[in-house]
């Protein structure tokens, strides 16, 4: 439940999504990728994701940790499932 709580926080999934391609954006670059999320919210999410060992700052930018990369793979599977999902039409 702890990971679902973390991932459900505003901007957490977007931050992880923006780090999916193994680039290492700086704080400002990541903020721009996240459509201008406030710096305080982004800092909070990066801190929380870092404490969960999902994201780290290499000094040159932010990247997914090994655990973050395994989470990425799980999320990509969920994304593939969601693409095939067809909710039942309301009657």
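Numbering (UniProt numbering), first residue to last: 1 to 91. C-beta atoms are modelled at their ideal positions from N, C-alpha and C, and glycine is treated no differently.
Query	Result
Expressed to the nearest angstrom, what Euclidean distance is found between the alpha-carbon atoms of residue 18 and residue 51?	18 Å
Quick check: residue 41 and residue 49, are their CB atoms within less than 7 Å of each other?	no
Enumerate, from N- to C-terminal direction, the unbroken beta strand (DSSP E) stretches of 3 or more residues contained entirely within the stretch 31-68.	55-57, 62-64
Over what stretch of residues does the alpha helix (DSSP H) that includes residue 90 continue unbroken?	Looking at the DSSP string, residue 90 is not in any alpha helix (DSSP H), and its letter there is neither H nor E.
Let me know the secondary structure DSSP gives residue 24 once reduced to three states.	coil
Tell me the rounded alpha-carbon separation between residue 22 and residue 91.	44 Å
Just to confirm the assignment, what range does the alpha helix (DSSP H) spanning residue 17 have?	12-18
What do you get for residue 68, buried or exposed, if any count of 16 or more other CB atoms within 10 angstroms of its CB means buried?	buried
Quick check: residue 2 and residue 45, are their CB atoms within less than 7 Å of each other?	no
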